[in-house]
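Data block below; observations after.
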Amino acid sequence: MNLGFFHSKVPQISAIKPQKKKKNRFNIYLDGKFVFGLPAEILVKENLSVGRELSSREINNLIFKNRLGKSLDRVYHFLSYRPRSEREVWDYLKKKEVDRKVAGKVINKLEKLGYIDDLEFTRWWVEQRSIFRPRGKRALMMELWQKGVEQEVIDQVLDELVDETVLAKKAVKKKIVTWQKLPWRERRRKLSDYLARRGFSWEAIKEIVDDSSING
Numbered sequence: 050m051n052l053g054f055f056h057s058k059v060p061q062i063s064a065i066k067p068q069k070k071k072k073n074r075f076n077i078y079l080d081g082k083f084v085f086g087l088p089a090e091i092l093v094k095e096n097l098s099v100g101r102e103l104s105s106r107e108i109n110n111l112i113f114k115n116r117l118g119k120s121l122d123r124v125y126h127f128l129s130y131r132p133r134s135e136r137e138v139w140d141y142l143k144k145k146e147v148d149r150k151v152a153g154k155v156i157n158k159l160e161k162l163g164y165i166d167d168l169e170f171t172r173w174w175v176e177q178r179s180i181f182r183p184r185g186k187r188a189l190m191m192e193l194w195q196k197g198v199e200q201e202v203i204d205q206v207l208d209e210l211v212d213e214t215v216l217a218k219k220a221v222k223k224k225i226v227t228w229q230k231l232p233w234r235e236r237r238r239k240l241s242d243y244l245a246r247r248g249f250s251w252e253a254i255k256e257i258v259d260d261s262s263i264n265g
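As structure tokens, this is what we get:
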């Protein structure tokens, strides 16, 4: 940060004023000039008060902490809708034009706190799909690749949680009623095509198509 505009050699806090729209944030003035805003927690933690001198390094450190805090708040809001993969959070911060160093700190902190965990995210994703939109392993794998999840994690969770035959039966439960009056051969084709589009393996599809209790 360029400190050339300050009157004194070492800038001094000349005023600390509460922001009008955000009660927990304060504007910091150095030598009569507004420089940055800070949340109350940083203000207290850093023991900032009128008259204190701040070096260039201290100023930059405060600015960094402020950016970090703002970015964390944004990500907490982003995570409030549903769990996210690490890649999703990186992409979100990049979209918000957050400095990469700040973004890295945010990711690191959230991983330590357990808010970002690709293994748990993958389990959540597969469980949600199994309940609401059954998919085969191939489709689930593609979705998770797009979320940036590593193949090793994907394989582990799919092996743990996915029984394709069970999910395939669930996937066609409503559809088979619609197709019940169709000729047997056409019904088989529709079943097969429907399950293939949802990423089920040929083995699972064949088992469903040949199951007389489903396609009888």
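Under the numbering used here, residues 50 to 265 are what the sequence shown spells out, in order.
Note that CB positions come from ideal geometry on N, CA and C, so glycine has one too.
None of the values given here were measured: they were computed from a predicted structure.
Rounded to the nearest angstrom, how far is the Cβ of glycine 197 from that of serine 250, given a contact under 8 Å?
Not a contact, Cβ separation roughly 24 Å.
Alpha carbon of glycine 248 to alpha carbon of arginine 236, nearest angstrom
19 Å
Are three or more beta carbon pairs between the stretch 154–171 and the stretch 118–131 nearer than 8 Å?
yes
When the Cα of leucine 103 is compared with those of Lys119, Ser63 and Glu146, which residue comes out closest?
Ser63
Residues in the same chain with beta-carbon distance under 6 Å from leucine 117, minus the five sequence neighbours each way, listed in chain order, please.
Val151 and Lys154
Excluding sequence positions up to five away, which residues of its chain have a Cβ less than 6 Å from the Cβ of methionine 190?
Ile203
Three-state secondary structure (DSSP) at glycine 118?
helix
Given a threshold of 16 other Cβ atoms within 10 Å of its Cβ, counted over all protein chains shown, does threonine 171 qualify as buried or as exposed?
buried
Might you give, ordered along the chain, the residues of its own chain that have their beta carbon closer than 7 Å to the beta carbon of valine 258, omitting 5 neighbours on each side?
Arg237, Leu240, Ser241 and Asn264
Using 8 Å as the cut-off, can you tell me whether the stretch 136–149 makes contact with the stretch 93–108, which would need three or more C-beta pairs spanning the two stretches below that distance?
no
Alpha carbon to alpha carbon, how far is proline 232 from isoleucine 225?
12 Å
Quick one: grab the DSSP three-state call for methionine 50.
Below a pLDDT of 50, predicted positions are generally treated as unreliable, and methionine 50, at 47, falls in that range; the measurement from the model is reported next regardless. Methionine 50: coil per DSSP, three-state reduction.
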